[in-house]
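Novice: I have a structure I would like to understand better, so I am pasting it below and will then ask my questions one at a time.
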Amino acid sequence: MVDEAGKRFYLDGLDVMSPLVIRLFAEDGSRPVDVTLHRFFWNDSDLSARTNETGDWAFLGRIHDEVGIELRAPEPTRFYLLAWMGRPAEVSFGSSAFAGVGDEGAPIAGGRDPARGGGLRRIGWIFALVALSIGAWAALGRLRRYRSAGAAISLLAIGLAATPAAGQGIENRLEAVENGLARLQELTEGDAEHEDYVSPEELADYMTWDQFDEELGPVFATIDRVLGQARAAFQGLFDAMAEQALDSASEIASLRAAVEALQLLHEADREAVPDPTHGGVPPMASSCYANPECAVCFERAHAALNEQLGYYSQLGVIYRTADAYLVAMTGYGDARSGWNQLEQAAWYSEKQKIVASHERLKTAYRNKLEEYNRRLKAILDDYGDCEDEYGLDDWYSRYGWPFYQSLTASYRLP
């Protein structure tokens with residue numbers, strides 16, 4: 032029940048990137064209920080409204096941190112107050128840190144050729160091939176023309192086991208090929224004291240490369256045929272995975288755009304909106320970004336960077352919003368302290384507490400910023416190692432260090 036005396040409610044833990052619905056139902060539509068929302072102070076309302084003729088009122092928008100809800104009714108009436116907050120819209124920080132990568136995954140100018148393309152459709156192949164490249168057939172890397180055949184066969188064997196329908200008739204041929212290759216591996220990497228052992232040098236003397244190709248030609252032809260059939264069988268699966276990933280990315284982007292289009296209760300809450308550009312920090316160039324050969328190395332560093340940049344954003348939001356609140360409190364007290372000396376003396380004492388809180392906030396911020404800067408330096412060092420091996424030479428000094436300097440400067444307090 033609410034009447035002229037009013038009732039107050041309080042919501043906290045709000046996320047400015049989440050849609051927020053506050054709904055009020057008056058039991059008797061002929062007895063309206065007045066509602067006000069208060070972002071900082073009960074004495075100052077940021078939104079005023081009244082239930083309609085059906086006793087209904089709703090707020091759909093965004094609020095950061097907390098909000099007060101006050102209800103009043105000229106005539107006593109029963110009411111129902113509901114609040115719901117949706118899942119926050121996702122923000123990707125790591126992707127905005129890079130520039131120069133084309134839609135097709137082409138390397139930027141000055142980078143090494145990523146060799147056989149890249150892009151989203153190759154994700155399944157990239158990670159499986161890299162993960163399995165140290166498998167049982169790694170010894171085949173010495174073979175002149177089929178350096179990746181062993182890893183590809185291992186990949187297909189696992190893939191077919193997971194999708195038997197796609198592998199009808201292929202598994203038997205794979206088994207025959209694997210048996211032959213296993214025998215070759217035993218001959219060239221077996222126990223030197225074994226009677227069947229043949230050293231690589233002896234193998235070279237035993238037959239020329241042309242003879243070698245002739246002897247193993249049928250085996251490699253079978254490998255090529257198996258690979259072609261398996262790729263065709265799995266292409267639909269990979270295409271579906273890629274399409275699903277693209278749809279998910281599009282859905283996330285649409286959700287974020289829809290959430291950002293919602294009204295903010297208070298303009299100060301705009302300070303709490305994450306900024307993927309970190310105040311306009313210039314992005315870094317990368318050739319490794321689109322290079323499938325360094326996918327595993329890059330993804331590990333990229334995940335760490337995305338997480339760390341998110342921490343920077345959160346730290347900035349915490350400081351900016353707390354700073355805005357402390358400034359607002361100071362302004363509020365200054366405006367209402369009056370001319371009475373006792374009031375001014377009392378306010379001065381409280382104001383000093385606010386100033387001290389502000390200084391503690393700055394100290395805590397600087398300490399946490401130093402910790403984050405150390406982490407960022409280590410992550411960019413890892414990036415540099417990946418780029419030096421697979422992508423751009425001297426990447427850290429050319430791109431990583433300038434990015435580090437710009438980003439840390441954007442979060443540094445005056």
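Heads up: the sequence shown begins at 32 in the numbering used here, then just goes up one per residue. Positions of the beta carbon are idealized from the N, C-alpha and C atoms, including for glycine.
One question on the structure: do Val64 and Ala80 come within less than 7 Å of each other, judged by their Cβ atoms?
Specialist: no
Novice: Does the count of Cβ pairs from the region 381 to 389 and the region 405 to 419 closer than 8 Å reach three?
Specialist: Contact annotation: the region 381 to 389 does not touch the region 405 to 419, with fewer than three C-beta pairs closer than 8 Å.
Novice: Starting from Val47, trace the beta strand (DSSP E) in both directions and tell me its first and last residue.
Specialist: It is not in any beta strand (DSSP E) - Val47 carries neither H nor E in the DSSP assignment.
Novice: Which residues bound the alpha helix (DSSP H) around Trp378?
Specialist: Gln372 to Tyr421
Novice: Could you please give the first and the last residue of the uninterrupted alpha helix (DSSP H) stretch that includes Gly362?
Specialist: Ala326 to Arg367
Novice: Once the 5 residues before and after Glu35 are set aside, which same chain residues still bring their CB inside 8 Å of it?
Specialist: Arg103, Ala104 and Pro105
Novice: In the DSSP assignment, the alpha helix (DSSP H) including Phe434 goes from what residue to what residue?
Specialist: Trp432 to Tyr442 is the span of the alpha helix (DSSP H), which, as asked, contains Phe434.
Novice: Does the beta-carbon of Gly44 have 16 or more other beta-carbons within 10 angstroms, so that it is buried, or is it exposed?
Specialist: Here Gly44 is exposed: its Cβ has fewer than 16 other Cβ atoms, across all protein chains shown, within 10 Å.
Novice: Alpha carbon to alpha carbon, how far is Ile157 from Cys328?
Specialist: Here the model assigns Ile157 a pLDDT of 26, short of 50, so the residue's position is not dependable, and the following value carries that caveat. Cα to Cα, the separation comes out at about 12 Å.
Novice: Take every Cβ of the region 309 to 316, pair it with every Cβ of the region 368 to 379, and state whether three or more of those distances are shorter than 8 Å.
Specialist: no
Novice: Do Leu55 and Trp88 have their beta-carbon atoms positioned less than 7 Å apart in this structure?
Specialist: In this structure, Leu55 lies closer than 7 Å to Trp88 by Cβ.
Novice: In three-state DSSP terms, what is Ala104?
Specialist: coil
Novice: Under a three-way DSSP split, which group does Arg301 fall into?
Specialist: helix
Novice: Please determine, among Glu97, Leu444, Tyr342 and Ala359, the residue with the shortest C-alpha to C-alpha distance to Leu407.
Specialist: Tyr342
Novice: One question on the structure: do Ala440 and Leu392 come within less than 7 Å of each other, judged by their Cβ atoms?
Specialist: no
Novice: Looking at the structure shown, is Trp88 part of a helix, part of a strand, or coil, going by DSSP?
Specialist: strand
Novice: Roughly how many angstroms separate the alpha carbons of Asp77 and Tyr414, rounded to a whole number?
Specialist: 47 Å
Novice: In terms of alpha-carbon separation, which member of Tyr442, Leu91 and Leu112 lies closest to Ala57?
Specialist: The option with the nearest alpha carbon to Ala57 is Leu112.
Novice: Give me the Cα-Cα distance between Phe129 and His297, rounded to the nearest whole angstrom.
Specialist: 33 Å
Novice: With 16 as the cutoff for other CB atoms within 10 Å, does Tyr41 come out buried or exposed?
Specialist: exposed
Novice: What's the call for Asn322, buried or exposed, on a 16-neighbour Cβ count within 10 Å?
Specialist: buried
Novice: Strictly by DSSP, which residues pair up with Met116?
Specialist: Leu51
Novice: To the nearest angstrom, how far is the alpha carbon of Gly431 from that of Phe72?
Specialist: Put simply, the backbone Cα of Gly431 is about 45 Å away from that of Phe72.
Novice: Looking only at DSSP bridge pairs, what is Met315 linked to?
Specialist: Phe129
Novice: Name the one or two DSSP bridge partners that Ser99 has.
Specialist: The sequence shown places Gly at residue 99, not Ser. Answer by DSSP bridge pairing, in chain order: Tyr41 and His69.
Novice: My understanding is that Glu84 touches Arg39, with C-beta atoms under 8 Å, so please give their C-beta distance in whole angstroms.
Specialist: So it is not a contact: roughly 25 Å between Cβ atoms.
Novice: For Arg429, name the three-state secondary structure that DSSP assigns.
Specialist: helix
Novice: Can you give me the Cβ contacts of Gln339 inside the same chain, cut-off strictly under 8 Å, excluding the 5 residues immediately before and after it?
Specialist: Cβ within range, chain order: Tyr403, Arg406, Leu407 and Ile410.
Novice: Thinking C-beta only, is Pro305 closer than 7 Å to Ser344?
Specialist: yes
Novice: Could you check if Thr108 is buried or exposed, using at least 16 other CB atoms within 10 Å of its CB as the buried criterion?
Specialist: buried
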